[in-house]
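Chains as they are written, first to last, in our numbering: chain B, 20 to 472; chain Z, 41 to 355.
The C-beta atom is built at its ideal place from N, Cα and C for all residues, glycine as well.
Values in this document were obtained by computation on a predicted structure and should not be read as measured data.
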């Protein structure tokens, strides 16, 4: 009896210790043999979100890079860590991993996260070197990966925002098939005509926190650029400026005037809902990035495919409030973002990882990546080849990118973006008028820049 | 102490025997709790400078939380949620079902119990998906049933929606607990009350409730704490629209993980723990008060005397 008790106690102690050890240890990869192990992470998963990117990494990048290294006598074992979630969730997971000192060797970041990741020491500037690729990457695009004068990674793609409109609805409302508004009033006038149609929401202008960053990128910022301002003038946040008031006032006119659907803006799945409505011919005008064209209404593999996309979907430049009122006196404006691949500062094989990074951004690799799924890459040499067959993407590359603007590469930006989402949400639901919402925004801004929280 | 050593293990062996459990408790409960308290006193963030070099800020986070509208707002929402869905909803509905089924046997009882239990045991994500479909604005079942097309329940009545949802989801526990409790009420007392001419309501009030008072309080304590810490509403509303369903767990999740403010989120967690403690203390004090009927015995009084006498054996 006694003996058995003792043995049980010993077993329990061992089990307890084992558990404790397991809880503490964990991330040792225990690599067998001499092969260097590298991990690539992206918010992409085969058969799900950004499936082409995931397939490209698994079927093109990994085997070819491993083969090329083997030829040079280096044994490398590259693996891919797929993910298919909202960008904000992907960012959280990545940051948690990096904070724990682990995480993938190559990470894909939204360009706007570069600042805060660099501040945290998760990524480090790329060493100087003459990589041929930089010659093909325009300066504005390279800016995506640049923070405080240092380059932290290689930009991978960019995009542009336009007004998408449903040509069939336009025809029914007696509006022209080749539409190009020159001011906000002309957009509102067209929306007013669409409002006369039965069962049609005229205009979707993203607002509120449920839409996340889409509100800022596809709502506030292009409008603000159209009012001749940016949220950060290079020295300070512009706050509750005249331009912002004009933007919020436009929100009031859209949602208070029955031109947009304020309920949709608050639904957790509101953005996807609006895509469906557009595809089903229930939504007239939409401010969106080219993502909408290639990944949403794309008849092949889009999330809300439209068989007649090429005939039914029109696009136009986003006009300034009135001609010449945009940033830099422009008549038309846009916003661009894009993603960047960077190297984990705490990775085990930094040099090999950098080699892989440059390999993934070679002209050959990028061309393979966008084959059959045209998109605007960071490299002009690749774009010339792959965009030719796609009128919408060529339009963005040729007409939109020259007049586009980028978000300020500052670590505070994501928090400022949330404040803008809250302000537009409050106006869209009628909870606040434009002036009150602008005041709330200014208060919140003080909290963010004053280091509050 | 040694004299009471019934197992005959001796002090050292007894210590060795409980050491593994203590180690586990220390590793998985005490250490994380202390870690949270420490984190809560820093400006630790997920990214940016404060991720690389967090600074000790003492009680700043707590002060900030108490002065922040969104904290009090979220605390208020949580209390609404607990009061509406647990204390009023689950407890009352659970009791009602148990009371109505108490003398029934057979198919009906089994059917009702199975349905209620089903709501309890289904995975949260599945249930959330079903409820989103039920409440959907465009093709939702509820709108079809009520003939209210276009009503976005989760946007227009978000708090009511998650309260009803949680009542539906959690009633099973109260039902089972009360069913067990009701079976402990001595039939003789009910018989006596009936002979004395007590109405249904009077029987309930003066015989049944005093007899199961301990069960009621235990049930309320458990479901209040569970509901207070429940994250499932997030699956339905994501805390929105705006922040109308941002209960404490959702608020902390958004602050700590979504906005990356780990230090501030940790401080909020500690505050939430304190609120939990307060709730628990209130119930435990109520539980300890053995004889609440003493002052209320001046009503009809029919069953009060014998009940108090026979309750000595109750848990």
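* Report yes or no: is there a C-beta of chain B within less than 9 Å of the C-beta of residue 333 (chain Z)? => Bear in mind that the predicted position of residue 333 (chain Z) carries a pLDDT of just 48, short of 50, making it unreliable; the figure below should be weighed with that in mind. For residue 333 (chain Z), the answer is no, since every Cβ of chain B falls outside 9 Å of its Cβ.
* To do: On the DSSP bridge assignment, give the partners of residue 351 (chain B) in chain order.
  => For residue 351 (chain B), which the question treats as bridged, DSSP gives the partners B:338.
* **Under the three-state DSSP convention, the category residue 227 (chain Z) falls into** => The three-state reading of DSSP puts residue 227 (chain Z) in helix, counting H, G and I together.
* Asked: If you measure from the beta carbon of residue 85 (chain Z) to each beta carbon in chain B, is any gap under 9 Å?
  -> Yes, its Cβ sits closer than 9 Å to a Cβ of chain B.
* Selection from B:130, B:93, B:92, B:85 that minimises the alpha carbon distance to residue 361 (chain B) -> It is B:130.
* **Where the stretch 267–288 of chain Z meets chain B: residues whose CB sits under 7 Å from a CB there** => Of all residues in the stretch 267–288 of chain Z, 277, 278, 280, 281, 282 have a Cβ within less than 7 Å of some Cβ in chain B.
* To do: Could you name the residues of the same chain whose beta carbon sits closer than 6 Å to that of residue 160 (chain B), not counting the 5 residues immediately before and after it, in chain order?
  => These residues qualify, in order along the chain: 174, 177, 397.
* Does the beta-carbon of residue 401 (chain Z) have 16 or more other beta-carbons within 10 angstroms, so that it is buried, or is it exposed? -> As displayed, chain Z neither begins before 41 nor continues past 355, which places residue 401 (chain Z) out of reach and without an answer.
* What is the DSSP secondary structure of residue 317 (chain B), reduced to helix, strand or coil? -> Coil.
* Asked: Do you know offhand how far residue 45 (chain B)'s Cα is from residue 119 (chain B)'s?
  -> Only weak support exists for where residue 45 (chain B) lies, its pLDDT of 37 falling under 50; the coordinates are left without a value.
* **Opening and closing residue of the alpha helix (DSSP H) in which residue 131 (chain Z) lies** => Judged by DSSP secondary structure, residue 131 (chain Z) falls within the alpha helix (DSSP H) whose first and last residues are 131–141.
* Please determine, among Z:88, Z:328, Z:151, Z:311, the residue with the shortest C-alpha to C-alpha distance to residue 81 (chain Z). => Closest by C-alpha distance to residue 81 (chain Z), out of Z:88, Z:328, Z:151, Z:311, is Z:311.
* May I ask you to report which of helix, strand or coil DSSP gives residue 369 (chain B)? => Looking at residue 369 (chain B) - three-state DSSP - the assignment turns out to be helix.
* Starting from the beta carbon of residue 177 (chain Z), find every residue of chain B whose beta carbon is closer than 8 Å, and list them in chain order. => Within chain B, the C-beta atoms nearer than 8 Å to that of residue 177 (chain Z) come from 282, 286, in chain order.
* Asked: So, do the stretch 177–197 of chain B and the stretch 212–224 of chain B have three or more beta carbon pairs nearer to each other than 8 Å?
  -> With the cut-off at 8 Å, the stretch 177–197 of chain B and the stretch 212–224 of chain B touch.
* Are the stretch 162–182 of chain Z and the stretch 219–238 of chain Z in contact at 8 Å, needing three or more beta carbon pairs? -> The answer is no - the stretch 219–238 of chain Z does not touch the stretch 162–182 of chain Z, with fewer than three Cβ pairs under 8 Å.
* Name the residues in the stretch 193–224 of chain Z whose C-beta lies less than 8 Å from a C-beta of chain B; which are they? -> Within the stretch 193–224 of chain Z, the qualifying residues are 194, 195, 196.
* Taking one C-beta from the stretch 137–148 of chain Z and one from the stretch 212–220 of chain Z each time, how about it: are there three or more such pairs within less than 8 Å? -> Because the criterion of three Cβ pairs below 8 Å is met, the stretch 137–148 of chain Z and the stretch 212–220 of chain Z touch.
* Asked: residue 116 (chain Z) CB to nearest chain B CB: under 9 Å?
  -> No, no contact with chain B.
* Counting pairs of beta carbons, one from the stretch 330–341 of chain B and one from the stretch 129–147 of chain B, are three or more of them closer than 8 Å? -> No, they do not touch.
* Taking the C-alpha atoms as reference points, what is the distance between residue 261 (chain B) and residue 64 (chain B)? -> Residue 261 (chain B) and residue 64 (chain B): Cα-Cα distance of roughly 43 Å.
* To do: Taking a Cβ distance cut-off of 9 Å, strictly less, list which residues of the stretch 226–241 of chain B are near chain Z, in chain order.
  => Here the close residues are 227, 228, 229.
* In or out: residue 259 (chain Z) buried (at least 16 other Cβ within 10 Å) or exposed? -> Around the Cβ of residue 259 (chain Z), a 10 Å sphere holds 16 or more other Cβ atoms; the residue is buried.
* the stretch 94–114 of chain B in contact with the stretch 61–81 of chain B per 3-pair CB rule at 8 Å -> These segments touch.
* To do: Note down, one range per segment and in chain order, each beta strand (DSSP E) of at least 3 residues found wholly within the stretch 126–190 of chain B.
  => Along the length of the stretch 126–190 of chain B, whole beta strand (DSSP E) runs at least 3 residues long occupy 172–177, 180–185, reported in chain order.
* Asked: Among residues of its own chain, excluding the 5 on either side of residue 300 (chain Z), which ones have a beta-carbon nearer than 7 Å to its beta-carbon?
  -> Beyond the five residues adjoining it in sequence on each side, residue 300 (chain Z) comes within less than 7 Å, by CB distance, of 85, 86, 87 in the same chain, given in chain order.
* According to DSSP, residues forming a beta bridge with residue 333 (chain B) -> In the DSSP assignment, residue 333 (chain B) is bridged to B:184.
* Out of curiosity, what's the CA-to-CA distance linking residue 440 (chain B) and residue 323 (chain Z)? -> Approximately 41 Å between the Cα atoms of the pair.
* Asked: Given residue 428 (chain B), which residues of its chain have a CB within under 6 Å of its CB, disregarding the five upstream and five downstream residues?
  -> Residues 134, 166 of the same chain have their beta carbon placed closer than 6 Å to that of residue 428 (chain B), with the five preceding and five following residues left out of the count.
* With a threshold of 16 other CB atoms inside 10 Å of the CB of residue 469 (chain B), please say whether the residue is buried or exposed. => Within 10 angstroms of the beta-carbon of residue 469 (chain B) lie fewer than 16 other beta-carbons, which makes it exposed.
* Asked: Terminal residues of the continuous beta strand (DSSP E) containing residue 99 (chain B)?
  -> Boundaries of the beta strand (DSSP E) harbouring residue 99 (chain B): 95–100, taken from the DSSP string.
* To do: Would you mind listing the alpha helix (DSSP H) stretches within the stretch 415–464 of chain B that are 4+ residues and don't spill past its ends, in chain order?
  => 432–447, all fully within the stretch 415–464 of chain B.
* Whole angstroms is fine: what's the gap from residue 258 (chain B)'s alpha carbon to residue 244 (chain B)'s? => So the two alpha carbons sit approximately 14 Å from each other.
* Any C-beta of chain B under 9 Å from that of residue 299 (chain Z) -> Yes, residue 299 (chain Z) counts as interfacial toward chain B.
* Would you decide whether residue 340 (chain B) is buried or exposed? Buried here means 16 or more other CB atoms lie within 10 Å of its CB. => Buried, because 16 or more other Cβ atoms sit within 10 Å of the Cβ of residue 340 (chain B).
* Would you please verify whether the beta carbon of residue 173 (chain Z) is less than 9 Å from any beta carbon of chain B? => No, residue 173 (chain Z) lies away from the interface with chain B (no Cβ there is under 9 Å from its Cβ).
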